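**Student:** Residue numbers (our numbering), protein chains in the order written: chain A, 1 to 237; chain B, 1001 to 1369; chain C, 2001 to 2257; chain D, 3001 to 3311; chain E, 4001 to 4426.
For every residue, glycine included, the Cβ atom is placed at its ideal position computed from N, Cα and C.
None of these values were measured; they are calculated from a predicted model.
Here it is, the structure, as structure tokens.
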Ligand SMILES: Nc1ncnc2c1ncn2[C@@H]1O[C@H](COP(=O)(O)OP(=O)(O)OP(=O)(O)O)[C@@H](O)[C@H]1O
Ligand SMILES: Nc1ncnc2c1ncn2[C@@H]1O[C@H](COP(=O)(O)OP(=O)(O)OP(=O)(O)O)[C@@H](O)[C@H]1O
Ligand SMILES: CC(C)C[C@H](N)C(=O)O
Ligand SMILES: [Mg+2]
Ligand SMILES: [Mg+2]
């Protein structure tokens, strides 16, 4: 297993958001975590990327290395885990290109970077058109693409995606997921968090269901799609 | 009852912090020297009885309200018999109000602004006034150089320079007719760049520049003036009278004149003794303010002794001290002989000091009322 | 004409960019009206134009036959346009009940002096507002959060606070910008129920932007499709759903929601 | 003809004066604008960092002059002083960041402002305690030569100050716009919580920003010491506030705006004093600023500000 | 920790009234025996001011004496009396609860003032400190309206204060005193005390009008840019006054009649607190918060943002003006230098130290900074290391200030404390 989480506990102040969840992700697979608002999906991702601290006793390993030993920026630069956060968080006062360049801040491999940038532009031709535009003036969809592209540039061992479909028009949503599949084909493991459970389950190979802070279900996505509770709770059938 | 033994407390209200800490330091040192003397004499003898003397030194942060607080505290809390200070009129004027209200003698050694003592029977000072100093400088320049066109550069935001500048302008124009002050330029406290004002002054064709500024601004003004092509003499006032002026200004200031309360170089007798002792203990020539504070304290001491005896009833004693002080006739201090007018201002000579080429303040002339 | 809200040939430019072009709209009383379109089509901009955040470069806007173009946002709101925001615009340091109270601002008439000296009028009106606020919080079931800071609420609850707040302004037309963004299907069902209820209890007209087809189709009587600032189709749900242009530009073949 | 030339010289002279004054405001303001622009925090300690920088410069200068004067040419000493001082001062900046600002990243901006103010006071007092009440005078690092060209006077010091300031600003601009470090700083000013996700450590960028700001302040200090060679612990206060004014007048986060505003401040001050009775200088100068901001609500190059007000 | 809990527990039954009684006892003890016996036998030169802080810092030998004094005169009597008197004070409080809240509040305030008056009466230095502290409270609470509730970073408060101070001073000088500048009094000085409130209001109004110079730009800009505008405003006022020689220019103006005795200032402070409290808890006042947290949302929720901003500034400025007027008549001397950067730093320190968006916070802030400032006097320079350090620590550990986002709840404050136990016991 590439990523290995044991007994992950997180609280915001005195609000406990995660109650000792455990799961693991195999290299190259697409895993999804679905759940209601406030269930703890984003929190899980934030914990892995070390954006928020987790309580003692939590174990997080990536390729056998202890994630807890790394700070948020090192998780990206040393472990190659990139996080596309909830609500895009692109740098509005930088141009599209600058956003992508910054993503490679810690990378030394010049020509590889060039290759990646090219690849991203091929994937999202829209971005290439708007190369020199300030990211802040892009529309919702374009910003989402930039966020994903940026994530890919900053590290491709594994990508943590938090609701990439949020606020996207159906058509764009499809493009986006095709793109993600592309990225996965290149060998990047993907951990996807989605509100839109059906979409997520159709896209991923394996899924977890999280309910207010603990994992309640686990299995191949087709099983989950047929699971009556899931149907009832998340597919609005 | 409550048989507490009477201690004579003298309050010192000085700017230990704030804009002119050097002034505060000078006052403090002088006071400590004075106390030393008293203690060596085993206390202050009043009416055949020796009393322990204590200094209450309060910092007024060279802020007006802080000076008021300090006075109130020293008078109502520490029961001081008399207060020496504050130095700058900025603080002395409001602080005097308090002292007078509580009927406690206050001697400001260095405040030259008339309103400090005006209508305040309990407030005295140890130096001459601006209305006197202004004309003195004006006369001196006229007689010394025979100039008729003068320029003035002063700090509008600071009480003393502003006041003195006005007086000087008045005096000068009385002598040489209206408009004979060809440039009357100002800046605000903490400014360091006077180039535009000086450019104006240079252009105005003035022959002499009068600038009643503090020791920390003088060097800047002088050097900038030179760099902008000013060649005439620059004359200052008693606020120049600090060792620092020359330390900071260096060669640029050699040969300049200012009016002052005493001249260190070539002093004789008691004055010399004081200067040497001060220099020995604190390592530099005492400023005006030190000398004046010393005199003020000696005045207070004299008054207390003249009061005859201390009752221990602080109000009574304060009144007695006040009366005694008002009575003192040509008290001979190291900054000259003093006798108080009924306003509480000493009738005193001003000294014109020349900064000689060793950078010493040498006596150049004096003018008496 | 019976239109409650009437927009005619509205056009707006951002600098060079033409965000909205010749836009027309007629909303009848108690109608539920949907606005869909790709990202960046100009939907939110249209909301901002009608509610007075921006003033359109050209066009007429009338509410109950009164011109509202060029008025200040707060005046327009007071005249009966309530709205929610695409990305939540709640007041970070205020608790839920105060949010609802604030929305009654225009309904108060005790003056500043009243407020300073806590006059009787002030006390009475404030009390009435409090009661009303609690009624609204019950309806949107956020009463349990009444005294919590909004930032500590789950996302879904925050959206409901926004709606409750909008309702407190006594709107005639309620504007909802992606009310279900980031909600799970079951929450979505709940939201539909709430909107229906609001629609009945307060008999307001509703004008909403959505990307969730299920939601739009189920709720709206008429739907407009906007592409690059221009309406390419308008009509009842089923018609829109099968409109080739709309599918081409927006829906795509398979339905993912 | 004569008077015409004269008044022309007069104006020229004042332009030079203004350039010199403006240069200080500009350099100090861009230093201020570094921290302000990147972390969006008022750096009320900046004026006092400048002051400390000047004192350090004083120390180094006296030291070097005492040991090397005569042995090496003055320009070398000058450069050495600048470099060493910048280096030391930048650590002051780092200290301020780590001690005063890092703990307050998520806090209201105002609290950080207060902390800065307080750190400033501590600096002032510490210097006052360490060096006593007496003022110091900055040793001249070069022989002052006073050129008299036509009707106008200009010293080599003035010229040097103006030139060096301009160079500094260009250098900084390049750094911010072109290098990835500069990029990271700008990104940080937009959303510093997302910066680590790019593999960039905030705890390197933030101190770096402060360091650069402090370094600039230090250079300004040395130049200042050459032009106005009197040091006192409170010398930074007023300058600090003026830098604050300029930095924001230029538009939040805009380095070139800050520089421009700095020069504008210089010109306003000098020329108001030349045209009007100089008593009214502050009155008019600040009125102008008030009016400018009333009609240009985002300063010169400021970005649109959000409808939310971060406390 | 445990002890502290017990302690809290033990005194949880003491109502406000009880504490008053305790303090009263302490004050009386000091008043009658403080000088002649207690301080005498403890070898103190006289009654230690500010709880002996000064003397302790000046002469460490006195520390035990001073501490003993505090213990004997303050700590023990207060605690003992407060605790023992519960059996009467609680019924008393219960009785007052039957009255309308405002009445019982007024009664409490009167008691409080009486005690304060006795305590301060020991010597005029205390009186002065108390006066200035009360003035600072007005200043802090009023700037909190702008910088806390409205969230701007306004630097113009010293300017507003100056306007108030000068206008009211001119009025009193013209009306009630014979002085060099404005000649003889127009009205019999005896009228002074009665017309003084009017004078203050006029001063406040002047400040309010002046504040338009900042309020109107605030329609189009805000935050940092407004900060600069307000800062400029402050400098403009200062410079303007310096240039007005009729009112003394930089020399300042003195000789104001002493129209601001302790009771007057106390009254105005309480009035200020009361009015501002009413305002910020009303919807019109909460509008300030909405403008701060999200202006666009506020507009869409029918809030008149312009009117709101305007109100915030004029209201805050008004009280700053009143404070200025009182300040001038306490010191009976003012000069432009008093209303500049230093004052600004002080006011900002007080409000952010005390706590944003909270009147209680502002009161705490004003009192603690003032008392610290006085108490640490003997440290001379080191005072200016200690105080900043304290502030920094507060800022780091309580970023919003000591007490923030909380309003006074008079009812809870004044209620009788034993009812709960009754509730428990059948
Ligand atoms: N910054 C925060 N401060 C306090 N509580 C928080 C914070 N962020 C999240 N929470 C709480 O932690 C819990 C989990 O939040 P999280 O954002 O992980 O949920 P989620 O599954 O991502 O929901 P959503 O689909 O809305 O993003 C929720 O109860 C939320 O209220
Ligand atoms: N203030 C503004 N200045 C300049 N351009 C703007 C501004 N606001 C919006 N735009 C542009 O106008 C277009 C329409 O934006 P709008 O927010 O209305 O899209 P939308 O239909 O709401 O898309 P989404 O569904 O993603 O919210 C976009 O291209 C956007 O970049
Ligand atoms: C120079 C100042 C400290 C004293 C001056 N004579 C004054 O009256 O203020
Ligand atoms: Mg989430
Ligand atoms: Mg939108």
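Under 7 Å, CB to CB, which of the residues in the stretch 4340-4372 of chain E have a partner in chain D?
**Tutor:** Taking 7 Å as the Cβ-Cβ cut-off against chain D, the residues of the stretch 4340-4372 of chain E that qualify are 4341, 4345, 4348, 4349, 4352 and 4356.
**Student:** What number of angstroms, rounded off, separates the C-alpha of residue 4026 (chain E) from the C-alpha of residue 4018 (chain E)?
**Tutor:** Near 13 Å, if we compare the C-alpha coordinates of residue 4018 (chain E) and residue 4026 (chain E).
**Student:** Does the beta carbon of residue 3051 (chain D) come closer than 8 Å to any beta carbon on chain E?
**Tutor:** No, no contact with chain E.
**Student:** For the beta strand (DSSP E) that residue 2020 (chain C) lies in, which residues bound it at each end?
**Tutor:** Segment 2017-2027, the beta strand (DSSP E) holding residue 2020 (chain C).
**Student:** Going by DSSP in three states, residue 2221 (chain C) sits in which element: helix, strand or coil?
**Tutor:** Reduced to three states, the DSSP call for residue 2221 (chain C) is coil.
**Student:** Using the DSSP secondary-structure output, state which residues sit across from residue 1154 (chain B) in a beta bridge.
**Tutor:** DSSP lists B:1186 as partners of residue 1154 (chain B).
**Student:** Does DSSP put residue 4421 (chain E) in a helix, in a strand, or in coil?
**Tutor:** For residue 4421 (chain E), the predicted structure reports a pLDDT of 48, less than 50, and the residue's modelled location is therefore unreliable. A value from the coordinates is still provided. Residue 4421 (chain E) falls in the helix class under three-state DSSP.
**Student:** With distances taken from CA atoms, which of E:4062, E:4242, E:4054 and E:4403 is nearest residue 4148 (chain E)?
**Tutor:** Of E:4062, E:4242, E:4054 and E:4403, the residue nearest in Cα terms is E:4403.
**Student:** Helix or strand or just coil, what does DSSP make of residue 3200 (chain D)?
**Tutor:** In this structure, residue 3200 (chain D) counts as coil in the three-state DSSP scheme.
**Student:** Does DSSP classify residue 1106 (chain B) as helix, strand or coil?
**Tutor:** Residue state, collapsed to three classes: strand.
**Student:** If you measure from the beta carbon of residue 2257 (chain C) to each beta carbon in chain A, is any gap under 8 Å?
**Tutor:** Only weak support exists for where residue 2257 (chain C) lies, its pLDDT of 49 falling under 50; the value from the coordinates is given anyway. Yes, residue 2257 (chain C) lies at the interface with chain A (some Cβ there is under 8 Å from its Cβ).
**Student:** Identify which residue in A:41, A:3 and A:36 has its Cα closest to the Cα of residue 27 (chain A).
**Tutor:** For the residues A:41, A:3 and A:36, the minimum Cα distance to residue 27 (chain A) belongs to A:3.
**Student:** For the beta strand (DSSP E) containing residue 1362 (chain B), name the first residue and the last one.
**Tutor:** That run of the beta strand (DSSP E) goes 1361-1367.
**Student:** Note down, in chain order, all residues in the stretch 3112-3137 of chain D with a beta-carbon under 8 Å from any beta-carbon belonging to chain E.
**Tutor:** So the close ones are 3112, 3113, 3114, 3115, 3117, 3118, 3119, 3121, 3122, 3124, 3125, 3126, 3128 and 3129.
**Student:** Taking 8 Å as the CB-CB cut-off, is residue 1169 (chain B) touching chain D?
**Tutor:** Not one chain D Cβ lies under 8 Å of residue 1169 (chain B).
**Student:** Going along chain C in order, which residues have a C-beta closer than 7 Å to the C-beta of residue 4296 (chain E)?
**Tutor:** Those are 2053 and 2089, listed as they occur along chain C.
**Student:** So residue 6 (chain A) is in the beta strand (DSSP E); what residue range does that whole segment cover?
**Tutor:** Where residue 6 (chain A) is concerned, the enclosing beta strand (DSSP E) stretches over 3-12.
**Student:** Between the stretch 91-122 of chain A and chain D, which residues of the former have CB atoms less than 7 Å from a CB of the latter, in chain order?
**Tutor:** Answer in chain order: 91, 92, 93, 94, 98, 101, 102, 103, 105 and 106.
**Student:** Curious, which full-length beta strand (DSSP E) runs of at least 3 residues does the stretch 3149-3175 of chain D contain?
**Tutor:** List check, beta strand (DSSP E) in window: 3152-3155.
**Student:** Starting from the beta carbon of residue 193 (chain A), find every residue of chain D whose beta carbon is closer than 8 Å, and list them in chain order.
**Tutor:** Simply none; closest approach about 15 Å.
**Student:** Taking residue 2169 (chain C) as the query, report the chain E residues whose CB atoms sit under 8 Å from its CB, ordered along the chain.
**Tutor:** By Cβ distance, chain E contributes 4301 and 4302.
**Student:** Along chain B, which residues have their Cβ under 8 Å away from the Cβ of residue 4336 (chain E)?
**Tutor:** The contacting residues are 1157.
**Student:** Please report whether the beta-carbon of residue 204 (chain A) lies at a distance below 8 Å from any beta-carbon of chain D.
**Tutor:** Closer than 8 Å: no.
**Student:** List, from N- to C-terminal side, the alpha helix (DSSP H) runs of 4 residues or more that fit wholly inside the stretch 2119-2193 of chain C.
**Tutor:** With a minimum length of 4 residues, the continuous alpha helix (DSSP H) runs that stay inside the stretch 2119-2193 of chain C are 2120-2139 and 2155-2168.
**Student:** Nearest-angstrom Cα distance between residue 1055 (chain B) and residue 4080 (chain E)?
**Tutor:** Each residue's alpha carbon lies about 40 Å from the other.
**Student:** Determine the DSSP secondary structure at residue 4386 (chain E), reduced to helix, strand or coil.
**Tutor:** In the structure shown, residue 4386 (chain E) sits in a helix (DSSP, three-state: H, G or I).
**Student:** Measuring from each Cβ to the nearest heavy atom of ligand 2, keep the ones under 5 Å and list them in chain order.
**Tutor:** Those satisfying the condition are, in chain order, A:139, A:140, C:2014, C:2019, C:2039, C:2040, C:2041, C:2042, C:2043, C:2044 and C:2045.
**Student:** Which residues in chain D sit within 7 Å of residue 1227 (chain B), going by Cβ to Cβ distance?
**Tutor:** Correct list: 3146, 3153 and 3155.
**Student:** Please report the straight-line C-alpha distance between residue 2265 (chain C) and residue 2019 (chain C), rounded to a whole angstrom.
**Tutor:** Because chain C here runs from 2001 to 2257, residue 2265 (chain C) falls outside it and cannot be looked at.
**Student:** Looking at ligand 6, does it come within less than 7 Å of residue 167 (chain A), judged from the CB to the closest heavy atom?
**Tutor:** With respect to small molecules bound, the structure shown includes ligand 1, ligand 2, ligand 3, ligand 4 and ligand 5 and not ligand 6.
**Student:** Could you give the first and the last residue of the continuous alpha helix (DSSP H) run that contains residue 202 (chain A)?
**Tutor:** Per DSSP, residue 202 (chain A) belongs to the alpha helix (DSSP H) from 197-203.
**Student:** Tell me which residues of the stretch 10-38 of chain A have at least one Cβ-Cβ distance to chain C shorter than 9 Å, keeping chain order.
**Tutor:** Within the stretch 10-38 of chain A, the qualifying residues are 12, 13, 15, 34, 35, 36, 37 and 38.
**Student:** Cα separation between residue 3172 (chain D) and residue 3242 (chain D)?
**Tutor:** Distance between the alpha carbons of residue 3172 (chain D) and residue 3242 (chain D) is about 20 Å.
**Student:** So which residues touch the region around ligand 1, with touch meaning a C-beta under 6 Å from any heavy atom?
**Tutor:** Working through the chain, the matches are A:12, A:15, A:17, A:35, A:37, A:38, A:39, A:40, A:41, A:42, A:43, A:86, A:195, C:2152, C:2154, C:2155 and C:2182.
**Student:** Is it right to say residue 1042 (chain B) is buried, meaning 16 or more other beta carbons lie within 10 angstroms of its own, or is it exposed?
**Tutor:** By the 10 Å Cβ count, residue 1042 (chain B) comes out exposed.
**Student:** Going by other Cβ atoms of all chains shown within 10 Å of its Cβ, with 16 needed for buried, is residue 2212 (chain C) buried or exposed?
**Tutor:** Per the 10 Å Cβ criterion, buried.
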